[in-house]
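Novice: For the sequence shown, full-length UniProt numbering assigns the number 1 to the initial residue and increments by one for each residue that follows. Quick reminder that beta carbons are idealized off the backbone N, C-alpha and C, glycines included. For clarity, every value in this text was computed on a predicted model and none was experimentally measured.
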Amino acid sequence: MTDRLRRIGLAALRFALSGLLLWLLLRQADVTALAGRLAGVDPGWLAAAFALTAVQVVLISWRWAFIMAGLDAAIGTARALRINLAAFFLGQALPTSIAGDVWRVWRLRALGHGVGTAVRGVLVDRTTALLGLVAVVLATGPALLARMPDPAMRGGLLAGLGTGMALLALALAADRLPGRWLSGRLRGVAEFGRTVRGLLARPLTAVPIVGVSALVHLLAGATMWLIARGLDVPVGLVDCLVLMPPIVLVAGMPLSIAGWGLREGAVVAVFGLAGVPVEGALLMSILFGALLLLVSLPGGLFLALGETRTAGAALSPRRAGSDR
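(1) DSSP on Ser256, reduced to helix/strand/coil?
(2) If we call anything under 8 Å between Cβ atoms a contact, is Gly100 one with Gly112?
(3) I'd like to know if the region 200-215 and the region 126-141 are in contact, where contact means that at least 3 CB-CB pairs between them fall below 8 Å.
(4) How many angstroms separate the CA atom of Gly280 from the CA atom of Leu243?
(5) Using CA atoms only, rank isn't needed, just tell me which of Ala80, Val267, Ile83 and Ile67 is closest to Ala129.
(6) Among the residues of its own chain, which have a CB less than 7 Å from the CB of Ala33, if the five just before and after it don't count?
(7) If we ignore side chains and look at the alpha-carbon of each, how far apart do Leu282 and Glu264 end up?
(8) Ile48 to Ser285, Cα distance in whole Å?
(9) Can you tell me the Cα-Cα spacing of Arg126 and Leu21, whole angstroms?
(10) Under a Cβ-count criterion, where at least 16 other Cβ atoms within 10 Å of its own Cβ denotes burial, should Ala80 be classed as buried or exposed?
(11) Mind checking whether Leu249 and Arg147 have CB atoms under 8 Å apart?
(12) With distance defined between alpha-carbon atoms, name the residue in Val268, Gln56, Ala39 and Leu25 nearest to Leu291.
(13) Evaluate Arg6 with the Cβ neighbour count: other Cβ atoms within 10 Å of its Cβ, from every protein chain shown; 16 or more gives buried, anything less gives exposed.
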C-alpha cells in the first residue's frame with residue numbers, strides 16, 4: 001500500500017509540475033497573439049512536420065532492432081516499430097516516464113527473450129540515443145554558445161554537459177573499477193557497460209547506431225523549423241538545429257508528464273536567444289508535443305487490438321521455444 005501511495009504521489013507531483021509550468025508560461029504570453037498565430041497556422045507545414053516526426057519514429061525503431069540483432073535477439077524493424085509505437089503511446093498517456101520501457105521489456109520477454117537481454121537491449125537503446133545527443137551538442141556547441149550572451153547560462157550548459165558526459169563515461173567503464181566496488185547493482189551496470197562497448201567497438205555497428213541517433217536529434221530540429229514556418233515565426237533552420245538538442249535533454253528529465261511544461265519552458269527560454277517571442281515559442285513547443293502525441297496514437301491501437309493478442313501467443317511454450 002505504501003509503495004502504491006508513493007507512485008500515486010509522484011504521479012500527482014508530475015501532473016502538478018506540468019500544469020504549473022504551462023500556467024506560468026501562459027501568464028507571460030499575450031493570449032490574443034497566441035490565438036492569432038494559431039488561427040493562421042499553415043496546415044501544409046504542419047503536415048510536413050508530422051511526416052518528419054513519423055520518420056524519426058521509424059529510425060528509432062530501426063536502431064533498436066539493429067541493437068537487438070547485435071545482442072543475438074533479433075526482432076525485426078516492423079515488430080520494433082509496433083512495440084515502440086505502443087511504448088510511445090504509454091509514455092504520452094501515463095504519468096510515469098518508464099512505462100514505455102517497461103512495456104518494451106515485457107514484450108521482448110513475451111517473445112521468448114530473457115529478461116536480462118531485454119533490459120540490456122532497452123538500456124543500450126537509451127544510451128546510444130544519449131550518445132547521439134552528446135555528439136550533436138558537441139558538434140553544434142560553438143554555435144550554441146555564440147547565441148548565449150549570458151556567461152551564467154553558458155557556464156550552466158557546460159557544467160551540465162560535462163556532468164552528463166562524466167556519468168555516461170562512468171557507466172560505460174564500470175566493469176574496470178576495482179573489484180571491491182563491483183557489488184550489488186554495480187555488477188549490472190558493469191555488464192551493461194561491457195555490452196555497450198562491445199557494440200561501439202565495432203565500426204560496422206557503432207557508425208549506424210550513433211549515426212542514426214544523431215540524425216534523429218537533427219531531424220527534431222528540422223521538425224521544429226517546419227512548425228515555425230507553419231506559424232510564420234521568424235527563426236532559421238540553423239537556429240532550430242542548434243537550439244533543439246539542449247531542449248530535448250531538458251524535456252527528457254523524468255519530472256513532468258511526457259515532458260509537458262519542461263519542454264515549453266525550455267523552448268521559450270532557448271528560442272528567446274534567437275529573438276523568438278514568447279507566444280511563438282510557446283505555440284511551437286505545444287504543436288511539437290501534439291505531433292508526438294498524434295504519431296503515437298497508432299500505438300494505442302496496437303495495445304488494444306494487436307500486441308495484446310500476439311503477446312498471449314508468444315507466451316505459449318511452442319512460440320517461446322521457436323523464438324529462442
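Specialist: Well, looking at it:
(1) If you number the sequence shown from 1, residue 256 lands on position 256. Looking at Ser256 - three-state DSSP - the assignment turns out to be coil, as it is neither helix nor strand.
(2) Residue 100 sits at position 100 when you count from the first residue of the sequence shown. Residue 112 sits at position 112 when you count from the first residue of the sequence shown. Taking 8 Å as the Cβ cut-off, Gly100 and Gly112 do not qualify as a contacting pair.
(3) yes
(4) As a first step, residue 280 must be located in the sequence shown, where it is residue number 280. As a first step, residue 243 must be located in the sequence shown, where it is residue number 243. Gly280 and Leu243: Cα-Cα distance of roughly 15 Å.
(5) For this step, residue 129 is matched to residue 129 along the sequence shown. Of Ala80, Val267, Ile83 and Ile67, the residue nearest in Cα terms is Ile67.
(6) Position 33 of the sequence shown, counted from the start, is the residue given in the question as residue 33. Closer than 7 Å at the Cβ level, and outside the excluded window around Ala33, lie Glu279.
(7) The residue you call residue 282 lines up with position 282 of the sequence shown. The residue you call residue 264 lines up with position 264 of the sequence shown. Taking the straight line from one Cα to the other gives about 6 Å.
(8) Taking the sequence shown and counting its residues from 1, one reaches residue 48 at position 48. Taking the sequence shown and counting its residues from 1, one reaches residue 285 at position 285. Here the sequence assigns Ala to residue 48, which means Ile is not the residue at that position. Going by the C-alpha atoms only, they are around 16 Å apart.
(9) One-based indexing of the sequence shown puts residue 126 at position 126. One-based indexing of the sequence shown puts residue 21 at position 21. Going by the C-alpha atoms only, they are around 26 Å apart.
(10) Residue mapping note: residue 80 aligns to position 80 of the sequence shown, counting from 1. Buried.
(11) Along the sequence shown, one-based indexing puts residue 249 at 249. Along the sequence shown, one-based indexing puts residue 147 at 147. Contact flag unset, no.
(12) Counted from its first residue, the sequence shown places residue 291 at position 291. Out of Val268, Gln56, Ala39 and Leu25, Gln56 has the C-alpha closest to the C-alpha of Leu291.
(13) Here residue 6 corresponds to residue number 6 of the sequence shown, with the count starting at 1. So Arg6 ends up on the exposed side.
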